[in-house]
Each structure stands twice: as structure tokens, then as C-alpha cells.
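One structure is given below, encoded as C-alpha cells.
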């Protein structure tokens, strides 16, 4: 997938994508992922939720791999009771690999009034394809401080 995107969309062959090339990739190659919820599975207290929109889309090339980055706005108000958020990332077709990037892929803003715990892990309890694929998951529990 990466080699095809680089060949087809890096028009000036400079090894990176310009702003114009990124717009074209988003329209031609990325926008269809909306039909698959961007391969992101969200739930609040075990109730599934859809990705309604994305923001800050960008595309980079690293080690001949194309990396999509984007932000999913998802407002979940804190209450006095704990809420459990689960975010799971996988492509059931195995065409692309989805991974959290970096040592700290989860960031919190305005969290001083919230009790929270989180973990990022390869979910070996939620295997796909008879144990061949284990998706990455983010689990977060939080509540408003008293």
C-alpha cells in the first residue's frame, strides 16, 4: 500500500508529500475509510460509538512507509461515576497496519479535575483471524474528582 501511494502521489518524487499531494491523498485514498470507521473502534462503557469526524489529517513517509496521522474529536463528559473508554485499532482486511506511535501516544488536556488511568497494549484477548492478529487497544477509565 505504501509503495503504491508513494509512486502515485509523490508527484515530484522528493520522498515526502507536499500540502497539495496530501489533499489529493485524502480525497482519493483516505476518504473512503470513513465507510470503515477509519479502522477505529470506540466504546463507552461497552456501548459502541462511531467516529463522526476527523481533524488535522496529515501524511508522512518514514522508512518507505506511509503514515497517516489524524485527530478524532470525541467528547465524553466526566461524571462522578467512572466511565470506561475503549479504543481499538485494526483493519479486518489486513491491508494496512495500525499502531499507536511513540512512547506516549495518549495525551490529556485539562485533566487536573479528573481521576484517570489508562493503558495502551496489544490486546491478546481480542484476537482476529484465529489468533493471527492482535489489535492495539487503549483503555481509559476516568471520573470527575469530588
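In the numbering used here, the protein residues as written are 315 to 460.
For each residue, glycine too, the CB sits at the ideal point set by N, CA and C.
Residue 349 and residue 365 do not touch by the CB rule: their CB atoms are close to 11 angstroms apart, not below 8 angstroms.
For residue 431, same chain residues with a beta-carbon under 6 angstroms away, outside a window of 5 residues either side, are 455 in chain order. Apart from the 5 residues on each side of it in sequence, residue 361 has no Cβ closer than 7 angstroms to any other Cβ in its chain. For the segment 317-380, the continuous beta strand (DSSP E) assignments of 3+ residues that do not extend past its boundaries occur at 354-358, 361-363, 369-376, in sequence order.
Going by DSSP, residue 421 is part of no beta strand (DSSP E) at all; its letter is neither H nor E. When DSSP states are grouped into helix, strand and coil, residue 411 belongs to the coil group. Rounded to the nearest whole angstrom, the CA to CA distance from residue 394 to residue 458 is 5 angstroms. By the neighbour-count criterion, in which 16 or more other beta carbons inside 10 Å mark a residue as buried, residue 373 falls on the buried side.
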